[in-house]
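Contents: one structure, followed by commentary.
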Amino acid sequence: MEEKTLQEGSKMEIIDHRANGNKHTYYSVMTYILDESTFDAQAPLEKGIVVALEIGREYECFFITIYGLFRCKVRLESRYVEGDLHFLRFKVLTAIAKHQRRGFFRMDAIADFRYYNNLTNQWQEATTQNISGNGIKCITHEELSKGTRVTCELKLEIEKKVYTVTNLAEVIDTGAADPVERRFETRLAFIDIPMPKQDIIIKYIYDEQRKRLKKEGR
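Counting from 1 along the sequence shown, just add 14 to a position and that's the residue number in this note's numbering.
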C-alpha cells in the first residue's frame, strides 16, 4: 500500500464493470489500512440504502488524494458491520499507480473568483459556471478577446480548509451572455498548470460532488 499517498480517509471511486459492457460508479472512503495489500472502506450508499457489493468480485478503484489520482484493481474479500455502519474489505490485485484523468473531472459550480487582466493590469471579479482541472467556464463583466491571457485566482474550500489556486489561463472562447448588463460567457484554459494545483481542483470537485450526492440521498 502506498502509505505516503493513500491514507485512511482517502476518497474512492469503485467501478463495477458489468458483463453487458456498462459500468457503474460507487463512491466511498478508505477507512483502515490493514497491510500492504488489504484495506477497508465504507460500504457505498445509493438513495440512502447500503449497496451490497458482491463478495469475490473484482472492481476497479480510483483513489482521490491531495497528491493526485491513483488507480488499481481490487477484489472484495468480505463485508462486515460495526454498530450501524457497514464496511468492505478489499484485496489489492495490481500495483497502485498514479492515473492521468484530470480532463474528465468537471463540475457545474457557481462561485466567485477573480482574475488579473495582463492587458489592463487590473484585477476583475467574475463568477464560475463550471470548473475542471483544465480550465474554467465563467461569466465576466468585460469582453475578453480570444487569446487574451489572464491570471486566475480561485479560493477552494476542501474539508473546511481553504486552498488558493493561482495560475495563468488563456481565453479560448467568449460570447455575450447579457449584452445589456455587459455580462460575457468566457472559457479559460489553464496554461501549464502544475499537477499539485490541478490535484487541488480535482479534490475540490470530488468533495463537492460527494456533498451533492449526500444532499440528494444517493
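Beta carbons are placed, not taken as given, at the ideal position from N, Cα and C, and that holds for glycine.
Runs of the alpha helix (DSSP H) spanning 4 or more residues and lying entirely within the segment 173 to 230 occur at 209 to 230, in chain order. Per the coordinates, the alpha-carbon of S92 lies some 29 Å from the alpha-carbon of R226. In the DSSP assignment, K151 falls within the beta strand (DSSP E) that extends over 149 to 154. For R103, the uninterrupted beta strand (DSSP E) run begins and ends at 99 to 106, by DSSP. The Cβ atoms of E184 and I205 sit closer than 7 Å to each other. Bridge partners of K112 according to DSSP: F84.
With respect to the 7 Å criterion, F77 and M121 are not classified as neighbours on the basis of their beta carbons.
Closest in C-alpha terms to D192, from the list N135, G62, G23, E156, comes E156. By the Cβ rule, the segment 100 to 110 does not count as touching the segment 142 to 158, because fewer than three pairs are nearer than 8 Å.
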